[in-house]
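First up is the structure itself, then whatever we jot down about it.
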Amino acid sequence: MSYLGIVITYVFVSNFILVQFLGLCPFIGVSKNSESAIGMGLAVTFVTSVASVVCYMVYTFLLAPFALE
40 MSYLGIVITY
50 VFVSNFILVQ
60 FLGLCPFIGV
70 SKNSESAIGM
80 GLAVTFVTSV
90 ASVVCYMVYT
100 FLLAPFALE
(Lines of atoms letter the chains of each structure in order from A; the text may use other names.)
(Lines give C-alpha, C1' and ligand atoms only; values in the text may rest on other atoms or scores of the structure.)
Protein backbone atom coordinates (compact mmCIF):
# COMPACT_ATOMS: atom_id res chain seq x y z
CA MET A 40 0.00 0.00 0.00
CA SER A 41 1.32 3.43 -0.87
CA TYR A 42 1.79 6.26 1.57
CA LEU A 43 -1.11 8.12 0.00
CA GLY A 44 -3.35 5.10 0.53
CA ILE A 45 -2.33 4.88 4.18
CA VAL A 46 -3.02 8.59 4.72
CA ILE A 47 -6.43 8.38 3.04
CA THR A 48 -7.31 5.31 5.10
CA TYR A 49 -6.49 6.95 8.41
CA VAL A 50 -8.02 10.32 7.54
CA PHE A 51 -11.35 9.08 6.22
CA VAL A 52 -11.88 5.49 7.41
CA SER A 53 -10.12 5.16 10.75
CA ASN A 54 -10.53 8.72 11.98
CA PHE A 55 -11.13 8.45 15.72
CA ILE A 56 -12.22 12.09 16.10
CA LEU A 57 -14.79 11.81 13.31
CA VAL A 58 -16.22 8.58 14.70
CA GLN A 59 -16.54 10.06 18.19
CA PHE A 60 -18.21 13.20 16.81
CA LEU A 61 -20.76 11.19 14.84
CA GLY A 62 -21.68 9.24 17.98
CA LEU A 63 -21.76 12.33 20.15
CA CYS A 64 -23.95 14.47 17.91
CA PRO A 65 -27.26 12.59 18.52
CA PHE A 66 -26.47 12.38 22.23
CA ILE A 67 -26.08 16.13 22.61
CA GLY A 68 -29.18 16.84 20.51
CA VAL A 69 -31.64 14.75 22.55
CA SER A 70 -30.07 14.21 25.96
CA LYS A 71 -32.26 16.76 27.76
CA ASN A 72 -35.51 14.83 27.31
CA SER A 73 -35.53 11.13 28.16
CA GLU A 74 -38.39 10.27 25.77
CA SER A 75 -36.61 11.75 22.78
CA ALA A 76 -33.33 10.14 23.89
CA ILE A 77 -34.99 6.71 23.95
CA GLY A 78 -36.46 7.37 20.51
CA MET A 79 -33.09 8.43 19.15
CA GLY A 80 -31.45 5.35 20.68
CA LEU A 81 -33.99 3.08 19.01
CA ALA A 82 -33.55 4.92 15.71
CA VAL A 83 -29.77 4.56 15.85
CA THR A 84 -30.12 0.87 16.72
CA PHE A 85 -32.52 0.33 13.80
CA VAL A 86 -30.33 2.17 11.28
CA THR A 87 -27.21 0.31 12.43
CA SER A 88 -28.99 -3.04 12.13
CA VAL A 89 -30.33 -2.28 8.65
CA ALA A 90 -26.92 -1.02 7.50
CA SER A 91 -25.28 -4.21 8.80
CA VAL A 92 -27.74 -6.41 6.91
CA VAL A 93 -27.27 -4.41 3.70
CA CYS A 94 -23.48 -4.59 3.99
CA TYR A 95 -23.69 -8.34 4.57
CA MET A 96 -25.89 -8.80 1.50
CA VAL A 97 -23.60 -6.68 -0.70
CA TYR A 98 -20.55 -8.60 0.46
CA THR A 99 -22.15 -12.04 0.20
CA PHE A 100 -24.02 -11.66 -3.08
CA LEU A 101 -21.99 -9.10 -5.02
CA LEU A 102 -18.41 -8.91 -3.83
CA ALA A 103 -17.59 -12.48 -2.82
CA PRO A 104 -19.00 -14.29 -5.91
CA PHE A 105 -17.07 -12.03 -8.27
CA ALA A 106 -13.88 -12.02 -6.13
CA LEU A 107 -14.07 -8.27 -5.61
CA GLU A 108 -13.45 -8.33 -1.88
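Counting with our numbering, you get residues 40 to 108 for the letters of the sequence shown.
All residues carry an ideal CB built from backbone N, CA and C; glycine is no exception.
Own chain partners of residue i with C-beta closer than 8 angstroms, once the 5 adjacent residues on each side are dropped
i	result
G68	M79
L101	L107
Closest Cα partner of residue i within the set the options
i	options	result
F66	T99, S88 and L81	L81
Own chain partners of residue i with C-beta closer than 7 angstroms, once the 5 adjacent residues on each side are dropped
i	result
I45	none
S70	A76
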